[in-house]
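Everything below concerns the one structure shown next.
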Ligand SMILES: Cc1ncc(C[n+]2csc(CCOP(=O)(O)OP(=O)(O)O)c2C)c(N)n1
Ligand SMILES: Cc1ncc(C[n+]2csc(CCOP(=O)(O)OP(=O)(O)O)c2C)c(N)n1
Ligand SMILES: [Mg+2]
Ligand SMILES: [Mg+2]
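Residue numbers (this note's numbering), protein chains in the order written: chain H, 1 to 334; chain W, 1001 to 1334; chain C, 2001 to 2327; chain X, 3001 to 3327.
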């Protein structure tokens, strides 16, 4: 009988890492649910989370070296932020717009992840503007002779934006160490993919820029990890960019302001909820005897407790001083 | 021995049309040369022309129905404008910024072609902005149930612009009757194609939008015409867009302000001058006995005389009334 | 007469115009589903997908395609989901929509309407709160409107749709569901370029627009009741062209001017209003022209505490008016 | 001291900075070949392709990539080949470069320089002539400079490159080869935010910048010699931040203000200058604040006849100054 070690090894991971993947995914799920709950309780005016995207997010981010590689996520990437090393406390302080939120001190909307030490670059709301930033980061690394990789994320809607084309073209020309990720959940708010593109798999566009584009089951964390790992290796070897399309589904509304019943059926949501990447991966872990049910539940309990503690810390954290709104328009002289 | 009629028929054209193609190409060449000459004489402050592009321009435009189909050219498209029906006088009046220039009355730079009856839409200088306009024109035609085709042009440099991606994506989704042409002369001013794109043939990008992209020898007018004709037929049948990449070369500097010796060798220019689409097509016409040398020369003489007359008319035409600069910012009430 | 919220007035204006003229279409992100603010609720069912078109997420293409469609017999109303997201379309709006008519010597024209929710006060953060009128009022060939009441919204949106020029129509999103107002059931329009005196007064001329109209009216109320100062509140409504005549007339009457806008103070549209008055009504001025606007920080930080600190409100406006009254 | 044209000063400023700091690069269209105005002549030979990088024709990506590179130890100078072609990068400049520092509560910063030739008077038509300072001076988090002399160009470009914030550096293209000026051979900088009194005067304060500085100086000459009127000509040089103090000081001395700019009058930056004076120096004003600028038509029609008609020049400025003097 194959051991957990062998199974893990087949994926280039250790058994601990296989469990760590599940932990990160469950933690992301829990933080997302918590933000939506706090929003419903009226504690935060807005929530945008990534339930359903955990495999795509954790699987890609897990292939990176935190603090060395650069991450330019989009607003749904709770799983990316946590995998790289941001904490539930960081995210919940952002959700509650606390003064010491490392994301923005309450200036940016929640889920606009940022950490200088972790090289998670603060993002904006205009979709896809982070794509050229990732290109620039990688361009700088190339000029400076560093083997750092930049990964950037966008949704399927974002692939329609001109910046995405300009960025992929630029990165292709100079074989930059960029990984372009698209979390294709088949909707841009209410607009279905077939109204956004004439091609089924957006990854085919990479061929037009001279680098590989792969479409992967975005609900299969190990498949996503494998694709990302391969892309990171390519990038480190100086062979240039990779585009990764992770097909997935958001099993929650677009944001706390959205009513998804207006544009999709309960059946469709149910069908995808059944494909929940967490359930699927937990089953895989137990089926392959990497973990038993008790271990899974222990991980869940640990994550839940962390998020409970983080919620407390965040709620207790001070709100910004009103007059501080005037600061940091420009760099302040030391 | 095959007759001229048979040879022409093989291209879906009549012998007269085969000669007409040459006439249009030579006329375009002559107008371009004339504008550069007038510029050197200090009569027009600026000239941008298309010597070398004649086959790509005339060959594509010849497949259209003037006055019915819509044309959104770029600044190098003298051959397109003339083929659709603008006259040398129209172009030279624009070159000299005359008051009655139908392009712009002296407001736009020369070679910013425009004619309402011919459905040649006035363009701007920002590269590629006409691409989405062509999409909109075709969208309107579809909504209104008209079988009009919109053709739009851009250079290789223009293919890097975000608007091009957004336009091709939009047109692909709705299977709009748009023909996207790229006159790939391998340079964006001084920037060689390999610094603009990682792929050799930009036409491959069309696959990413769900419609055909064809790369054609842009110095072979009959090959270009065949590709355009096919694209027009597709569009009229409601089968959607086509992207046509015509590989060619500008055998003159970028504009009257450019010194191309700074970025390309005399050898390279000479090599392509030898591939001159006019010389090549004239040879084809005589080799195939569609015309003899005397006929060719007669066509050249006719074009030259027309351009001489047009020059006279344009030079004699009145300049704009200074105060008219204030008009047409907004639509004037009748 | 029926009581309507501003968002309903916007909805009705488009709905009625599309009923009247089958060449009118709406296009934008999520408009098919009714739009994120429900401005096009029911349009797809009524007019079909072709006339209520969900576009890809690509503002430059939305505006660019609208321009093209307008050349070929279609009258597009293009929606930018938030004003902040019109920035990617800046080139298409400034270089193309606004310049086509002029550059073609009047041969081509571009009768599109671009409508978009703008403005702060809803915890939208720095990308769902911006004012953009100052950018576009500076662009010749473009008309710019900013509304914050149901009546004005309906009458001016109809005028915008019928105008043969490109019009940027700004709807203050905080005003969408602020209150209900009686508006005529039958078709009416409000001429572009006409300001509206929302409150008559004799001591101070307060020039404003957008959401600040409501804050200014409250401030005027306070000054009347607490200080016995009579403030005339002028709602520009049209930013470009704007109603100089009406403003100058009022200034000549009061001799004191307070200009209120939500946008960043530096280079905001209120600067133009002030400069015009300083040149054309200088002799009538009894006091400095005072501007109350947001400080020069990105509008707006997400935190309600920070947002409230930077945005003008009735108190800050009243404070400015008192200074002026005391002068 | 050496005699330099402005384009040479621009070239030298970048060249010297790149010699000093190996993290500085230039990127843009055709910069490798020296640039269409020759600003980067010889850079590729001296610094190599990596530090003098030809980009694809894609302004949003040029600015966006510059932003990204600036986060990872590189100091990019991004060139927009013409100011008119910065429009496609509007979103990257306004939403990203200008807001990154603020939105991250000061954690991230974006020290890029975006330089671009702007302005009319060279028969460039409506797309090679635009002024863009009014758009960007309105954007918090961005610094904006506009120069038209060799000395100012070199000193301020060096300051822009060294500034830890994003700076938009506007070079009036008509001034590139207008004349030669003695400038120091050794390294010098000019503080951003400091205006320069290009001519002292006592009767009228003329506030201007860019190419209009030269026309204004000519007009001031004329007024002195023909009318005996003494005009103080202040060149703002920095548009954001701008030197309020120096301007207000002068206004308090003269009591009369003429504001001159090449851009369209409505919503141009001169409106902000006027509004500031009307609020902060009202008591000192002896006359209306007069603006001389281009009318509200796309700048500029290609025809020299039309272009000359709309652009301000020494005569039009002198006329405005005379009106003011006579007041
Ligand atoms: C440029 C721009 N236009 C519009 C919006 C409004 N908006 C926010 S998210 C969104 C849909 C994005 O969909 P997708 O990229 O698929 O990401 P998802 O939310 O599905 O993960 C839209 C239209 C925006 N933020 N930016
Ligand atoms: C958006 C934009 N950026 C820059 C320019 C300046 N410019 C004019 S033509 C040109 C090169 C265009 O090359 P290409 O598209 O290949 O056309 P070609 O001139 O070779 O026919 C550039 C950079 C412009 N007009 N528009
Ligand atoms: Mg999506
Ligand atoms: Mg080219």
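Even for Gly, the Cβ is constructed at its ideal location relative to N, Cα and C. Note that the structure is a prediction, hence the values are computed from the model and not measured.
Fewer than three Cβ pairs drawn from the region 1146 to 1157 of chain W and the region 147 to 159 of chain H lie within less than 8 Å of each other, which leaves the two stretches out of contact.
The region 2049 to 2057 of chain C and the region 2087 to 2101 of chain C do not touch, with fewer than three beta-carbon pairs separated by less than 8 Å. Per the Cβ contact rule, the region 2071 to 2090 of chain C is not in contact with the region 298 to 306 of chain H (fewer than 3 Cβ pairs under 8 Å). With the rule of 3 Cβ pairs closer than 8 Å, the region 266 to 286 of chain H counts as touching the region 14 to 33 of chain H. Judged by DSSP in its simplified three-state form, residue 2174 (chain C) adopts helix.
Interface annotation, residue 2103 (chain C): in contact with chain W, CB-CB separation under 7 Å. For residue 2103 (chain C), the distance from the CB to the nearest heavy atom of ligand 1 is not below 6 Å.
Legend: CB atoms of the region 208 to 227 of chain H lying less than 8 Å from CB atoms of chain W belong to residues 208, 209, 210 and 211. Counted as a single uninterrupted DSSP element, the beta strand (DSSP E) harbouring residue 245 (chain H) occupies residues 242 to 247. The residues 46 and 125, in chain order, have a CB closer than 7 Å to that of residue 109 (chain H) in the same chain once the five nearest residues on each side in sequence are set aside.
Contact check between the region 3312 to 3319 of chain X and the region 3282 to 3290 of chain X: fewer than three CB pairs, one atom from each, fall below 8 Å, which does not count as touching. Chain-order list of chain W residues neighbouring residue 3029 (chain X): 1157, 1188, 1189, 1190 and 1191, by C-beta distance under 9 Å. One thing to note: residue 3140 (chain X) has its Cβ no nearer than 7 Å to the Cβ of residue 3112 (chain X). For residue 2083 (chain C), the number of other beta carbons within 10 angstroms of its own is at least 16, and it is reported as buried.
For residue 2063 (chain C), the shortest C-beta to heavy atom distance toward ligand 2 is 6 Å or greater. If only complete runs of 4 or more residues are kept, the region 3117 to 3141 of chain X shows the alpha helix (DSSP H) at 3133 to 3137, in order along the chain.
Contacts with chain W at 7 Å (Cβ-Cβ) do not include residue 184 (chain H). For the 7 Å CB-CB criterion, residue 1116 (chain W) and residue 2107 (chain C) form a contact.
With the rule of 3 Cβ pairs closer than 8 Å, the region 1184 to 1199 of chain W does not count as touching the region 1223 to 1233 of chain W. In the DSSP assignment, residue 1312 (chain W) forms no beta bridge with any residue. Closest in alpha carbon position to residue 3115 (chain X), among X:3143, X:3122 and X:3103, is X:3143. Rounded to whole angstroms, residue 1015 (chain W) and residue 1008 (chain W) show a C-alpha spacing of 5 Å. Taking a 10 Å sphere around the C-beta of residue 3036 (chain X), we find 16 or more other C-beta atoms and assign the residue as buried.
For the pair residue 1006 (chain W) and residue 1088 (chain W), the Cα-to-Cα distance works out to about 32 Å. Annotation: residue 1067 (chain W) to residue 328 (chain H) spans about 57 Å, alpha carbon to alpha carbon. Inclusion of residue 3169 (chain X) and residue 3175 (chain X) in the CB contact set at 7 Å is not warranted, their separation being larger than that value. Here the alpha carbons of residue 3061 (chain X) and residue 3030 (chain X) stand approximately 15 Å from one another. For residue 2205 (chain C), the enclosing beta strand (DSSP E) has its first and last residue at 2204 to 2208. Any Cβ of chain W closer than 7 Å to the Cβ of residue 172 (chain H) would place that residue at the interface, and such an atom is present. For ligand 2, a non-hydrogen atom lies closer than 6 Å to the CB of residue 1127 (chain W). With a cutoff of 7 Å on beta-carbon distance, residue 317 (chain H) and residue 93 (chain H) are scored as near each other.
For residue 1085 (chain W), the closest Cβ of chain C is not nearer than 7 Å. With three or more CB-CB distances shorter than 8 Å, the region 1073 to 1088 of chain W counts as touching the region 1120 to 1139 of chain W. Around the beta carbon of residue 36 (chain H), a 10 Å sphere encloses 16 or more other beta carbons of the protein chains shown; the residue is thus reported as buried.
Taking 7 Å as the cut-off, the beta carbon of residue 96 (chain H) is found no closer than this to the beta carbon of residue 31 (chain H).
Chain order is used for the residues whose beta-carbon lies nearer than 6 Å to a heavy atom of ligand 4, namely W:1155, W:1156, W:1157, W:1185, W:1187 and W:1188.
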